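Just so we're aligned, residue -7 is where the sequence shown starts under this note's numbering, counting upward by one.
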Amino acid sequence: MKLNKRIVTKIIPCGSDFFIAENQHQKYYLQKNYRLCESLTLRSTEQFVDSDVACKLNGYILESVLSNDGVVV
């Protein structure tokens, strides 16, 4: 099926109602893997929250959980 219309996405500002998740929700799946978490040697909560590596590892762990049984608990 071919569309003859142009698809347009409107980008609007998100406003000021954005809040960072509480610490216990930050990188949730990574926090459950204590060995891996300790190996990152992130000394503070701010470092953990801001870490790109921690973010990517959390995503890989979630992907692994989903691919094994398809259910996130």
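Backbone N, C-alpha and C fix where the C-beta goes; we use that ideal spot for every residue, glycine too.
Source: prediction; values computed, not measured.
Item	Value
For the region 11 to 21 against the region 45 to 52, do three or more pairs of beta-carbon atoms, one drawn from each stretch, fall closer than 8 Å, so that the two count as touching?	yes
Assuming Leu54 contacts Ser43 under a Cβ cut-off of 8 Å, what Cβ separation, rounded to an integer in Å, is found between them?	Leu54 to Ser43, Cβ: 16 Å. No contact.
Identify the continuous alpha helix (DSSP H) that holds Arg27 and give its terminal residues.	Tyr26 to Ser31
What first and last residue would you give for the alpha helix (DSSP H) that runs through Gln39?	Thr37 to Asp42
If you reduce the DSSP assignment to three classes, tell me which class Cys47 lands in.	helix
Does Ser59 come out as helix, strand or coil in the three-state DSSP assignment?	helix
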